[in-house]
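Numbers 0 to 323, taken from numbering that gives the first Met the number 0, label the letters of the sequence shown in order.
The beta carbon of each residue, even a glycine, is placed where N, CA and C say it ideally should be.
Computed from a predicted structure; not experimentally measured.
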Amino acid sequence: MSMGVLLYRSVIAPVHHGEMMKRVDSCSYNNIKFVFISSLAFKSHILTPQLLSLPYQLVIDPALQETTKQTTKKGGTKKEKIMSSSKKHVVFDVVGTCVSFDAFYEAIDSTIGAKLRQHTITAQHFGFSWQTSAEIEFTFFSIHGGYKPYKDLLSGFFYRTLSLCGVQDPKSIFTDEERDRCVEGYSALKMRPGCHEMFQILRDNGFTIWALTTGDVKRVSGYFERANLHMPLENLVSCDSVGVAKPSLAAYRVMWDRLGENDVKWFAAGHMWDVTAATKVGFRGAFTTVYEKDACLDVFTEAKIEVVEDSMVGLARAIVEKSA
């Protein structure tokens with residue numbers, strides 16, 4: 000039997016291995032099998048158990064700062080993986096936490112604000128009602144197995160929300176074009192003050208930053224890009240790729256399982272329901288009041304929240320202190 004070489008590198012080249020999609024590429028030379036695998040696939044345990052059960056030697060690119068330990072037993076050699084990369088992680092919610100909804104409300108006000116005020120409705124009140132309606136339906140679709148992307152539901156519940164806010168026959172007053180311009184405002188959300196410093200504090204103290212979002216990757220990555228705030232795409236996980244929405248525990252388990260078994264794992268958000276759900280799969284909880292203002296701890300009595308802060312920078316410092 001030929002011996003294989005498993006080379007761990009940062010290049011991602013998806014191909015099929017058996018019936019499962021593997022983020023690997025491979026080639027053969029002089030009866031030696033070379034398998035190239037991405038750091039994302041390696042850390043996400045995509046290799047196990049099928050691929051690692053093959054007779055491959057493990058050769059890891061030293062630039063990735065990971066090592067292997069070789070133990071010799073009778074009848075063969077076994078490679079045990081020891082990860083020397085960062086063992087501390089913070090998974091962030093993005094929309095509402097890292098970015099505010101101000102740009103969305105401003106887009107609504109500039110587009111249909113005058114019409115709304117004729118019905119004694121403010122742009123912010125309508126925007127909050129509209130996004131909340133879409134979030135509820137997004138969750139319900141996920142629960143009954145008919146998952147739909149959030150952005151599709153936001154567009155779909157525009158006229159219904161207007162009706163429920165007291166507007167009679169909204170389709171005779173508002174237009175699809177106006178709706179679409181309002182939805183575009185949702186893609187223009189901006190980072191909250193202090194986010195850059197918060198990320199820097201965490202990274203300076205050895206934390207790897209992740210994001211778990213109900214938004215689509217293209218839109219959410221745009222928030223980071225426009226703010227010139229580094230967020231690797233492989234660290235940005237959308238519920239669209241998972242096929243189940245937060246606060247289903249399955250969505251958080253995807254992130255939990257991706258990180259090392261013995262790592263320090265925090266989940267940080269500006270939504271109490273979000274942090275509470277994450278703690279139920281094992282994450283340490285950190286809540287910031289920048290969005291909801293009131294933690295409503297008398298309601299979330301089962302929440303295992305270790306950090307409650309009213310600023311992004313305060314949140315980072317508290318996480319660092321609690322992890323010492």
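Identity of the residue in Asp-168, Trp-272, Gln-167 and Gly-281 nearest Asp-293 by Cα:
If you number the sequence shown from 1, residue 293 lands on position 294. Nearest of Asp-168, Trp-272, Gln-167 and Gly-281 to Asp-293, Cα basis: Trp-272.
Would you tell me roughly how many angstroms separate the C-alpha atoms of Thr-278 and Pro-148, rounded to the nearest one?
Walking along the sequence shown from the start, residue 278 turns up at place 279. Walking along the sequence shown from the start, residue 148 turns up at place 149. For Thr-278 and Pro-148, the distance between alpha carbons rounds to 25 Å.
Pull up the distance between the alpha-carbon of Glu-305 and that of Ala-267, whole angstroms please.
Within the sequence shown, residue 305 is the residue found at index 306, counting from 1. Within the sequence shown, residue 267 is the residue found at index 268, counting from 1. Cα-Cα distance, rounded: 10 Å.
Look at the alpha carbon of Ala-102 and the alpha carbon of Ser-171, and state the distance between them as a whole number of angstroms.
In the sequence shown, residue 102 corresponds to position 103, counting from 1. In the sequence shown, residue 171 corresponds to position 172, counting from 1. For Ala-102 and Ser-171, the distance between alpha carbons rounds to 26 Å.
From Arg-180 to Ala-106, what does the alpha carbon distance come to, in whole angstroms?
Residue mapping note: residue 180 aligns to position 181 of the sequence shown, counting from 1. Residue mapping note: residue 106 aligns to position 107 of the sequence shown, counting from 1. So the alpha carbons of these two residues sit roughly 7 Å apart.
Length at least 3, wholly inside the region 231-270: the beta strand (DSSP E) runs in chain order:
235-237 and 263-268
Take the Cβ of Leu-296 as the centre, count every other Cβ of all protein chains shown within 10 Å, and call the residue buried at 16 or more, exposed below.
For the purposes of this step, residue 296 is taken as the residue at position 297 of the sequence shown. Counting Cβ neighbours within 10 Å, Leu-296 comes out exposed, since fewer than 16 surround it.
Quick one, which of Phe-282, Ile-200 and Cys-194 has its alpha-carbon nearest Glu-260's?
Here residue 260 refers to the residue found at position 261 when the sequence shown is read from its first residue. Ranking Phe-282, Ile-200 and Cys-194 by Cα distance to Glu-260 puts Phe-282 first.
Quick check on the DSSP output: the alpha helix (DSSP H) that includes Glu-291 runs from which residue to which?
Translated into positions along the sequence shown, residue 291 becomes position 292. That residue, Glu-291, is in no alpha helix (DSSP H); it is neither H nor E in DSSP.
Return the CA-CA distance between Glu-183 and Ala-323, expressed in angstroms with no decimal places.
Here residue 183 refers to the residue found at position 184 of the sequence shown. Here residue 323 refers to the residue found at position 324 of the sequence shown. If I take the Cα positions, the gap works out to 42 Å.
Buried or exposed by the 16-neighbour rule on C-beta atoms within 10 Å, applied to Pro-169:
Within the sequence shown, numbered from 1, the residue matching residue 169 stands at position 170. Per the 10 Å Cβ criterion, buried.
What's the C-alpha gap between Leu-161 and Phe-206?
Looking up residue 161 in the sequence shown gives position 162. Looking up residue 206 in the sequence shown gives position 207. Approximately 43 Å, taken between the alpha carbons.
Report yes if the C-beta distance between Leu-235 and Val-216 is below 7 Å; otherwise report no.
Position 236 of the sequence shown holds residue 235. Position 217 of the sequence shown holds residue 216. Yes, these two residues count as a Cβ contact at 7 Å.
Decide if Leu-314 is buried, meaning its Cβ has at least 16 other Cβ atoms within 10 Å, or exposed.
Your numbering for residue 314 matches position 315 in the sequence shown. With 16 or more Cβ atoms within 10 Å of its Cβ, Leu-314 is classed as buried.
Give me, in chain order, the residues of the same chain whose beta-carbon lies closer than 6 Å to that of Leu-211; leave out the 5 immediate sequence neighbours on both sides.
Here residue 211 refers to the residue found at position 212 when the sequence shown is read from its first residue. Val-90, Val-236 and Met-254, listed in sequence order.
Taking 8 Å as the cut-off, does the region 238-255 touch the region 116-125 (at least 3 CB pairs, one atom from each stretch)?
no
Nearest residue (CA-CA) to Ala-225, options Val-98, His-88, Val-280 and Lys-87:
Here residue 225 refers to the residue found at position 226 of the sequence shown. The residue asked about is misnamed: residue 225 is Arg in this sequence, not Ala. Here the closest residue by C-alpha is Val-98.
Let me know if Glu-301 comes out buried or exposed under the rule of 16 or more other beta-carbons within 10 Å of its beta-carbon.
Reading the sequence shown from its first residue, position 302 is the one you call residue 301. Answer is exposed; the Cβ neighbour count stays below 16.
Is the Cβ-Cβ distance between Pro-246 and Ala-276 less than 7 Å?
Against the sequence shown, residue 246 aligns to sequence position 247. Against the sequence shown, residue 276 aligns to sequence position 277. Contact: yes.
Within the same chain, show all residues whose beta-carbon is closer than 8 Å to that of Asp-309, passing over the 5 residues directly before and after it, in chain order.
On the sequence shown, position 310 is the one that residue 309 refers to. Taken in chain order, the residues that qualify are Thr-287, Thr-288 and Val-289.
Buried or exposed (CB count within 10 angstroms, at least 16 for buried), Glu-134:
Mapped onto the sequence shown, residue 134 falls at position 135. Glu-134 comes out buried.
Thinking C-beta only, is Arg-191 closer than 7 Å to Met-311?
The residue given as residue 311 occupies position 312 in the sequence shown. The residue given as residue 191 occupies position 192 in the sequence shown. In this structure, Arg-191 lies closer than 7 Å to Met-311 by Cβ.
Nearest-angstrom Cα distance between Ile-45 and Arg-257?
Locating residue 45 in the sequence shown gives position 46, counting from the first residue. Locating residue 257 in the sequence shown gives position 258, counting from the first residue. Only weak support is given to the placement of Ile-45: the predicted model assigns it a pLDDT of 37, under 50, and the value that follows is read from those uncertain coordinates. Cα to Cα, Ile-45 sits roughly 9 Å from Arg-257.
What do you reckon, are the CB atoms on Phe-156 and Arg-178 nearer than 7 Å?
On the sequence shown, residue 156 is found 157 positions in, with the first residue counted as 1. On the sequence shown, residue 178 is found 179 positions in, with the first residue counted as 1. No. Outside cutoff.
Look up Leu-201 in the DSSP assignment and give the residues it is bridged to.
Counted from its first residue, the sequence shown places residue 201 at position 202. Note: Leu-201 sits in no beta bridge, so no partner.
Relative to the alpha-carbon of Arg-218, which residue among His-195, Ala-187, Ile-200 and Glu-233 has its alpha-carbon at the smallest distance?
Taking the first residue of the sequence shown as position 1, residue 218 is located at position 219. Checked all of His-195, Ala-187, Ile-200 and Glu-233; the closest Cα to Arg-218 is Ala-187.
Assigned exposure category for Thr-213 - 16 Cβ within 10 Å defines buried:
Here residue 213 refers to the residue found at position 214 of the sequence shown. When all chains shown are included, Thr-213 counts as buried.
Would you say Tyr-146 and Phe-140 are within 7 Å of each other, going by their C-beta atoms?
Taking the sequence shown and counting its residues from 1, one reaches residue 146 at position 147. Taking the sequence shown and counting its residues from 1, one reaches residue 140 at position 141. Yes, the Cβ-Cβ distance between Tyr-146 and Phe-140 is below 7 Å.
Give me, in chain order, the residues of the same chain whose beta-carbon lies closer than 6 Å to that of Trp-129; leave out the 5 immediate sequence neighbours on both sides.
The count along the sequence shown starts at 1 and reaches residue 129 at position 130. Closer than 6 Å at the Cβ level, and outside the excluded window around Trp-129, lie Thr-160.
Going by alpha carbons, who is nearest to Lys-150 out of His-143, Ile-208, Phe-137 and Gly-144?
Indexing the sequence shown from 1 puts residue 150 at position 151. The option with the nearest alpha carbon to Lys-150 is Phe-137.
Mind checking who Ile-208 pairs with in its DSSP beta bridge?
The count along the sequence shown starts at 1 and reaches residue 208 at position 209. Bridge partners of Ile-208: Val-89.
Could you check the C-alpha separation between Gly-95 and Gln-167 for me, to the nearest Å?
Residue numbering aside, residue 95 sits at position 96 when the sequence shown is read from its first letter. Residue numbering aside, residue 167 sits at position 168 when the sequence shown is read from its first letter. Distance between the alpha carbons of Gly-95 and Gln-167 is about 30 Å.
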